[in-house]
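Residue numbers (the numbering used here): -7 to 237. This report refers to the structure that appears directly beneath it.
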């Protein structure tokens, strides 16, 4: 009527009146909303309360958010996803739904990967050649790699090839911001080709280089699956060759 927006922190009717960010408050509201709400959101025109995910959020709030977004994952994947969520929340003030979707999608598809990214360090600067050092886990065995390149991303991909030798062609590299702001997650898509087989890998992280490494490793795991489906013996030979290199 007046044309003025209601202030978010306005008592009772403001957007934050039924928003809960503290882990203790979120857990209490999930168990019994009346613990911290003396009236219902519906009674003042809101459809529901909201749980603001951040560094103080607990496992219960995270699980409830996954349920609201339509995810149903096992305890092990939930533990891994929650750990990555806490890492993300330490770097971002607010974790949006899009961040959770990107994070969980990234975790679910990696449930049975044979190659996993353990660590990554990239050194670069004006007038210096980028150098990447990383550690992979291949079938349970740690493999270290180091390489330089024409840019931080190229150095990272070369380091992956150093740790796990393979011959593929990079057909696509694309970066997209999941949300706005300088602390937004980057979603990277990598397309690899080997012997006419094309696979796409995705990775998400607030660090674009880490997201790129995740995407490349994701695509590499897909290639290993394709090898296994078409020529099991060839895949085992390639794995053993990489491990003995």
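From the three backbone atoms N, C-alpha and C, an ideal C-beta is built for every residue, glycine too.
The three-state reading of DSSP puts residue 106 in coil, since its state is none of H, G, I, E or B. DSSP places residue 167 in the strand class (E or B) of the three-state scheme. Sixteen is the threshold: since fewer than 16 other Cβ atoms of the shown chains lie within 10 Å of the Cβ of residue 66, the residue is exposed.
Beta-bridge partners of residue 186 (DSSP): 189. In this structure residue 113 is exposed. Its beta-carbon is surrounded by fewer than 16 other beta-carbon atoms within 10 angstroms. Around the beta-carbon of residue 161, fewer than 16 other beta-carbon atoms lie within 10 Å, marking it exposed. Separation of residue 122 and residue 204 (C-alpha to C-alpha, rounded to the nearest whole angstrom) is 15 angstroms. Residues of the same chain with a CB within less than 6 angstroms of the CB of residue 186, apart from the 5 flanking positions on each side, are 160, 215 in chain order.
Collapsing the DSSP output to three states places residue 159 in coil. Burial state of residue 68 is exposed, judged by a 10 Å Cβ sphere holding fewer than 16 other Cβ atoms. Remark: C-beta atoms of residue 46 and residue 87 approach each other more closely than 8 angstroms. Taking residue 105 as the centre and dropping the five residues before and after it, the same chain places the C-beta of 213 closer than 6 angstroms to its C-beta, in chain order.
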